[in-house]
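Taking it in order: structure first as structure tokens, then the write-up.
In our numbering, the protein residues as written are 8 to 107.
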């Protein structure tokens, strides 16, 4: 064995380290999932604020436009249902994903 071969063997320059693609895929999936959760969670406060504002303005709108109240009940109910559904889905999936 020549001195150059001994030096390459000692320093480990013969081949680059192997990549573990399963590990890289698992880490990329976890990062993407975390980003998706934060993106969905960042929209939840705006949904809550719009629901509260609509609920707070409903009595004033009822006095000004009495014909508008029946048409306003559906969006208010939809917003309230969306808030309840979104919070329950976030809570449930977070709880179930921690058990893995």
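The beta carbon of each residue, even a glycine, is placed where N, CA and C say it ideally should be. Please read all numbers here as calculations on a predicted model, not as lab measurements.
On the premise that residue j lies in contact with residue i, defined as a C-beta separation below 8 Å, what is that separation, rounded to the nearest angstrom?
i: residue 82; j: residue 61; result: 7 Å
Expressed to the nearest angstrom, what Euclidean distance is found between the alpha-carbon atoms of residue i and residue j?
i: residue 10; j: residue 17; result: 10 Å
i: residue 103; j: residue 50; result: 21 Å
i: residue 72; j: residue 57; result: 20 Å
i: residue 98; j: residue 19; result: 49 Å
i: residue 191; j: residue 78; result: Past the edges of the chain, shown from 8 to 107, lies residue 191, and the structure says nothing about it.
i: residue 87; j: residue 43; result: 23 Å
i: residue 41; j: residue 80; result: 36 Å
Where does residue i fall in DSSP's three states?
i: residue 25; result: coil
i: residue 98; result: helix
i: residue 45; result: helix
i: residue 72; result: coil
Indicate whether residue i and residue j have their beta-carbon atoms separated by less than 7 Å.
i: residue 90; j: residue 38; result: no
Tell me the residue span of the alpha helix (DSSP H) that contains residue i.
i: residue 14; result: 10 to 18
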